[in-house]
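This report refers to the structure that appears directly beneath it.
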Amino acid sequence: MAKPSFIAVVGSANVDLTTFHDVFPRPGETIFGRKFDLGFGGKGANQAVAARLCGANVGMVAKVGSDLFGPATIGNFESQGIDATYVRIAPGVSSGVAPIFVDPSGQNRIIVVKGANDTLTPEDVDAAAPLLRKADTIIMQFEIPLRTVCHTVKFAKANGIRSIVNPAPAQPVDYQEVGAADYFIPNESEAEAITGMPVHSIDEARNCAEFLLRQGIGRVVITLGERGSLAAGPDRIDLIPAFKVQAVDTTGAGDAFIGSLAVFLSEGLPAEEALPRASLYAALSTTKVGTQKSFSKRAEFDQEWRNRVGHL
Ligand code: RIB
């Protein structure tokens with residue numbers, strides 16, 4: 344058994360308000376949904392919880408609002424055993440929230456209102472340096488200010504810590520700044536929005552990944568939903584197949600992928616072994632409703648990996 348790794352997440356925490364329905368209302372129309380789910384979410388928080396459930400020690404650096412959701416979010420981190428010393432309440436600001444709309448095929452559409460996430464500054468990152476310096480891997484997303492992401496990438500580089508940037512939701516990036524990250528992991532629509540290149544087929548994903556490598560990004564993984572993911576580095580490009588599951592809600596699958604990947608890499612697995620494991624961890628999360636509550640514990644994941652692949 345590998346020694347527990349330490350994963351730090353500098354990122355977002357939201358409360359997710361998820362509705363399940365068959366069609367979308369037209370302008371001016373009111374329709375009935377089938378089901379509602381309220382849960383803790385936010386790409387950063389989800390990745391932190393996934394890493395924790397995979398067996399890592401985890402520290403979170405985030406801002407939450409001075410409303411009902413803020414203290415509840417901190418309580419959620421603590422109840423999961425995540426170090427929330429550097430999760431602070433931003434006075435007079437609402438928490439991040441995400442209305443999420445899930446269709447019958449399990450596909451989701453998300454609107455994020457960033458709220459307190461937008462107040463996480465480079466100074467907050469510097470204040471959290473004692474926690475961040477302990478990390479094997481630092482993960483970031485784009486639901487916090489981009490200057491905070493860039494500052495954290497520099498911090499990780501200066502301290503010899505692996506960094507993973509998940510550019511979600513997509514925004515224009517300065518390739519020089521984010522290119523210093525060890526891993527850049529968009530999904531297909533984010534890759535498309537960031538580069539302006541189409542990413543509908545595997546060949547297009549390959550072209551897009553090669554373009555990102557040419558901009559100086561060291562390693563690119565484009566997640567492609569049920570088609571798996573394309574991993575591109577300086578010397579090879581691999582298509583990592585997806586595992587077949589019965590998906591009911593794909594929300595948070597990308598976060599499950601990234602949080603678990605950080606753990607498998609930090610435990611010392613090479614990328615070509617860590618990526619298929621992250622792919623299965625993400626697929627399993629789509630078989631349950633919600634984000635954090637759909638993530639498997641490590642023992643359940645290991646059992647499923649043994650069943651499907653035959654060895655650990
Ligand atoms: O990736 C899923 C997450 O995106 C949700 O939890 C929502 O909060 C948004 O951040």
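Be aware that the sequence shown starts at 344, since it is given in this note's numbering, and climbs by one per residue. Just so you know, even glycine gets a beta-carbon here, dropped at the ideal spot from N, CA and C.
Closest residue to residue i among the options (Cα-Cα distance)
| i | options | result |
| --- | --- | --- |
| N389 | F498, D578, M483 | M483 |
| D380 | V496, T634, N400, F586 | T634 |
| G458 | S609, G354, E569 | G354 |
| I560 | S506, V407, N357, K587 | S506 |
| P512 | L489, E520, I417 | L489 |
| A356 | P613, V455, A523, L555 | V455 |
| L608 | N400, D479, T629 | D479 |
| A523 | R452, N550, I481 | I481 |
| N509 | S348, A427, A605 | A605 |
| D410 | N502, V358, D426, A394 | V358 |
| A427 | V445, K406, G402 | G402 |
| R641 | V652, S603, A471, A614 | S603 |
Endpoints, beta strand (DSSP E) assigned at residue i
| i | result |
| --- | --- |
| G402 | 400–408 |
| F349 | 349–353 |
Continuous alpha helix (DSSP H) stretch holding residue i: start and end
| i | result |
| --- | --- |
| F498 | 489–501 |
| V508 | Premise fails: V508 lies in the beta strand (DSSP E), 505–509, not in any alpha helix (DSSP H). |
| Q635 | Neither: Q635 is in no alpha helix (DSSP H) and is coded neither H nor E. |
| T538 | 531–538 |
Integer-rounded CB distance, given that residue j should sit under 8 Å from residue i
| i | j | result |
| --- | --- | --- |
| D684 | K386 | Residue 684 lies beyond the residue range present for the chain, which begins at 344 and ends at 655; the question has no answer from this structure. |
Distance cut-off 7 Å: residue i Cβ against heavy atoms of the ligand RIB
| i | result |
| --- | --- |
| G595 | yes |
| D592 | no |
| D598 | yes |
| D359 | yes |
| N389 | yes |
| S409 | no |
| I528 | no |
Backbone secondary structure at residue i - three-state DSSP
| i | result |
| --- | --- |
| G439 | strand |
| Q450 | coil |
| K378 | strand |
| A574 | strand |
| R549 | helix |
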